[in-house]
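Data block below; observations after.
2 protein chains.
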Amino acid sequence: MLEFPISIRPKADLLEEYALVARALAAPARLMLLEQLAQVERGVEALAEKTGLTLANCSQHLQHLRRAGLATSRRDGKAVIYRLTDAKTLTLMDLLRVVAERNRAQVDRILRGLTDGQDAPEPVSRDELAARIRDGAVTVLDVRPKDEYASGHIPGAHNVTLAELESLLPRLDPATEIVAYCRGPYCIYAHQAVATLRRHGLNARRLEGGLPEWREDGRQVVRIG
Amino acid sequence: MLEFPISIRPKADLLEEYALVARALAAPARLMLLEQLAQVERGVEALAEKTGLTLANCSQHLQHLRRAGLATSRRDGKAVIYRLTDAKTLTLMDLLRVVAERNRAQVDRILRGLTDGQDAPEPVSRDELAARIRDGAVTVLDVRPKDEYASGHIPGAHNVTLAELESLLPRLDPATEIVAYCRGPYCIYAHQAVATLRRHGLNARRLEGGLPEWREDGRQVVRIG
DNA sequence: CTAACAATCAATTAATTACTTGATTGACTG
DNA sequence: CAGTCAATCAAGTAATTAATTGATTGTTAG
């Protein structure tokens with residue numbers, strides 16, 4: 721009779737299992753994929769295009785994420801749709817960022833480079849933004865690509881890509897506060913948008929976290945189509 | 721004039737920074753070191769002995785942890801003492817465990833092997849244990865090595881290694897609940913102790929987390945010497 | 001200053017992991 | 001059922017990372 725053998729080095733085997741999860745987070749390509757999956761579930765080909773990975777490479781990275789339990793997949797006709805397993809994955813991603821920002825001077829240097837050395841103001845909390853939306857006292861900008869905006873965005877947010885932002889500047893009111901958001905903790909679009917807006921004298925801040933975190937808080941999200 | 725160059729691929733560079741933190745967690749040897757550092761700060765030689773790594777290898781792993789911001793070091797005479805940077809590191813370690821336990825059947829299999837296939841009871845929360853200690857209605861066992869017990873333990877806990885446990889069995893009262901704890905989320909001593917105790921008809925459960933988590937809650941810890 | 005000790009560095013080898021290419025599988029479509 | 005499309009697999013190469021060994025640095029003690 722064949723049984724699953726019990727581990728003869730349980731401690732080493734357990735550590736190996738935990739390390740497997742960490743290894744899944746240990747490649748930039750997979751962090752990029754997780755960021756995408758945090759926006760909306762997608763098939764392998766779409767993910768490959770979004771991230772610039774080749775199809776086979778993308779598939780292999782996704783399988784790595786699935787083995788580690790960070791993503792799951794289901795078949796839908798010819799396509800295999802991947803999504804994040806649960807919010808624990810988002811939490812893990814954000815903790816990585818927090819630790820890196822606290823302890824790696826290099827991270828500050830990169831973020832500062834995004835704003836031409838200006839000091840960026842503190843981000844707006846999601847609670848605060850929700851309150852200001854209720855009062856109508858804020859312009860909300862979603863700085864992600866059109867398709868991601870379409871698959872879910874904060875109610876009332878206007879979709880403006882960075883390329884479009886310049887042409888929008890004259891129509892923005894310097895008296896109204898602007899809050900910009902993007903994909904979440906790893907995304908730099910909102911940083912860049914806020915830097916551009918402030919350079920032009922507008923009162924702009926970033927939202928803390930991005931659309932995935934807003935959704936995860938259980939707040940309302942609007943879909944198109 | 722030389723300046724720090726601003727990043728020309730800020731997104732890729734940021735992801736590389738976050739992946740660096742994850743990579744630090746991606747080796748069993750380093751997880752073992754982090755578990756040790758969670759008990760008490762130590763020099764490189766002591767850590768090498770505790771983990772079974774060679775001195776040079778241990779030093780290199782510790783430097784990897786330091787680069788990632790998970791550990792920090794200070795010089796004390798001839799010795800270099802390493803410690804965890806902050807509680808974020810503990811949180812990261814525990815999240816790895818949670819994700820692995822939720823999604824990796826292999827983890828269940830290993831943990832079940834520790835208890836001869838018995839179902840283990842739910843662990844006791846730290847709040848509950850604190851309350852029971854106040855009432856005097858519980859025997860607390862610290863199942864770690866003597867030196868780790870000496871460097872900090874839960875008030876009133878008795879230090880019993882697994883090797884000593886058998887000889888203690890006759891002196892334990894089946895009517896009093898026993899709570900066992902060890903190093904924390906990656907440690908299996910408490911699992912094994914509880915399994916042994918229950919096999920002998922005693923009413924034993926594990927503490928949720930270990931000494932580092934208890935300390936992190938801001939609860940009292942006793943030192944010897 | 002010299003000896004002793006703790007830790008790190010440098011260089012090599014072994015082992016893993018990432019990416020590419022081309023073949024294969026599975027499921028729908030006409 | 002053949003054709004098509006999406007994804008995976010398999011095999012090979014390139015790149016990274018881990019562990020070992022021996023030399024070197026910094027610090028204290030005598």
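Residue numbers (my numbering), protein chains in the order written: chain A, 721 to 945; chain S, 721 to 945. Note that CB positions come from ideal geometry on N, CA and C, so glycine has one too. Everything numeric in this text was worked out from a predicted model, so none of it was measured.
Between the Cα of residue i and the Cα atoms of the options, which residue gives the shortest distance?
i: leucine 757 (chain A); options: A:Asp806, A:Ala742, A:Gly797, A:Ile728; result: A:Asp806
i: arginine 786 (chain S); options: S:Glu769, S:Leu804, S:Tyr869; result: S:Leu804
i: leucine 885 (chain S); options: S:Gly930, S:Val863, S:Ala820; result: S:Val863
i: aspartate 893 (chain A); options: A:Ala915, A:Arg935, A:Gly921; result: A:Gly921
i: lysine 866 (chain S); options: S:Cys778, S:Ala732, S:Asp733, S:Val760; result: S:Val760
i: glycine 797 (chain A); options: A:Thr771, A:Val880, A:Gly763; result: A:Gly763
i: glycine 837 (chain S); options: S:Gln912, S:Cys907, S:Leu773, S:Tyr906; result: S:Gln912
i: asparagine 923 (chain S); options: S:Glu868, S:Ala895, S:Glu936, S:Ala850; result: S:Ala895
i: arginine 935 (chain A); options: A:Gly945, A:Ala776, A:Ile874, A:Leu882; result: A:Ile874
i: aspartate 814 (chain A); options: S:Arg939, S:Arg925, S:Leu735, S:Asp828; result: S:Leu735
i: isoleucine 908 (chain A); options: A:Arg939, A:Ala840, A:Ala744; result: A:Ala840
i: arginine 939 (chain S); options: S:Glu848, S:Arg925, S:His878, S:Glu868; result: S:Glu848
i: alanine 788 (chain A); options: A:Glu737, A:Val827, A:Arg854; result: A:Glu737
Around the C-beta of residue i, are 16 or more other C-beta atoms found within 10 angstroms, so that it is buried, or is it exposed?
i: isoleucine 898 (chain S); result: buried
i: arginine 919 (chain A); result: exposed
i: glutamate 769 (chain A); result: exposed
i: threonine 809 (chain S); result: buried
i: alanine 825 (chain S); result: exposed
i: serine 727 (chain A); result: buried
i: arginine 822 (chain A); result: exposed
i: arginine 891 (chain A); result: exposed
i: histidine 878 (chain A); result: exposed
What is the DSSP secondary structure of residue i, reduced to helix, strand or coil?
i: serine 793 (chain S); result: strand
i: tyrosine 869 (chain S); result: helix
i: aspartate 847 (chain S); result: helix
i: alanine 825 (chain S); result: helix
i: tyrosine 805 (chain A); result: The residue you asked about is not tyrosine; residue 805 (chain A) is threonine in the sequence shown. Reduced to three states, the DSSP call for threonine 805 (chain A) is coil.
i: glycine 738 (chain S); result: According to the sequence displayed, residue 738 (chain S) carries tyrosine and not glycine. It is helical.
i: leucine 722 (chain A); result: Model confidence at leucine 722 (chain A) stands at a pLDDT of 40, short of 50, so the residue's coordinates are unreliable and nothing is read from them.
i: glutamate 897 (chain S); result: strand
i: asparagine 879 (chain A); result: strand
i: leucine 773 (chain S); result: coil
i: aspartate 862 (chain A); result: strand
i: leucine 922 (chain S); result: coil
i: glycine 945 (chain A); result: coil
i: alanine 820 (chain A); result: helix
i: glycine 763 (chain A); result: strand
i: leucine 927 (chain S); result: strand
i: alanine 857 (chain S); result: coil
i: alanine 840 (chain A); result: coil
Rounded to whole angstroms, what is the Cα-Cα separation between residue i and residue j?
i: serine 887 (chain S); j: glycine 904 (chain S); result: 25 Å
i: histidine 784 (chain S); j: glycine 876 (chain A); result: 45 Å
i: valine 941 (chain A); j: glycine 872 (chain S); result: 48 Å
i: alanine 749 (chain A); j: alanine 739 (chain A); result: 18 Å
i: alanine 766 (chain S); j: glutamate 933 (chain S); result: 22 Å
i: valine 860 (chain A); j: aspartate 733 (chain S); result: 28 Å
i: methionine 721 (chain S); j: isoleucine 830 (chain A); result: Because methionine 721 (chain S) sits at a pLDDT of 44, beneath the cut-off of 50, its placement in the model cannot be relied upon, and the point is left open.
i: serine 793 (chain S); j: arginine 852 (chain S); result: 38 Å
i: aspartate 937 (chain A); j: cysteine 778 (chain A); result: 29 Å
i: leucine 754 (chain S); j: leucine 775 (chain A); result: 37 Å
i: threonine 835 (chain A); j: tyrosine 906 (chain A); result: 16 Å
i: glutamate 723 (chain S); j: arginine 795 (chain A); result: The predicted position of glutamate 723 (chain S) is uncertain, since its pLDDT is 49 and thus under 50; a value taken from the coordinates is nonetheless stated next. Their Cα atoms are separated by approximately 51 Å.
i: alanine 791 (chain S); j: leucine 889 (chain A); result: 45 Å
i: arginine 925 (chain S); j: alanine 850 (chain S); result: 14 Å
i: alanine 799 (chain A); j: leucine 773 (chain S); result: 46 Å
i: aspartate 672 (chain S); j: leucine 751 (chain S); result: The structure shown does not extend to residue 672 (chain S), since chain S is modelled only from 721 through 945, so no value can be given for it.
i: arginine 846 (chain S); j: valine 827 (chain A); result: 36 Å
i: alanine 744 (chain S); j: threonine 771 (chain A); result: 24 Å
i: glutamine 780 (chain S); j: glutamate 868 (chain S); result: 24 Å
Measure the beta-carbon distance from residue i to residue j and round it to whole angstroms, keeping in mind my assumption that it falls under 8 Å.
i: alanine 746 (chain S); j: alanine 742 (chain A); result: 4 Å
i: glycine 833 (chain A); j: proline 730 (chain S); result: 6 Å
i: leucine 927 (chain S); j: proline 843 (chain S); result: 6 Å
i: glutamate 910 (chain S); j: tyrosine 901 (chain S); result: Rather than glutamate, the amino acid found at residue 910 (chain S) in this sequence is alanine. Contact flag correct, Cβ pair sits at about 5 Å.
i: leucine 782 (chain S); j: tyrosine 802 (chain S); result: 5 Å
i: leucine 812 (chain A); j: valine 880 (chain S); result: That pair is no contact at about 35 Å.
i: alanine 883 (chain A); j: isoleucine 944 (chain A); result: Actually they are not in contact, since the Cβ atoms of alanine 883 (chain A) and isoleucine 944 (chain A) sit about 20 Å apart, beyond 8 Å.
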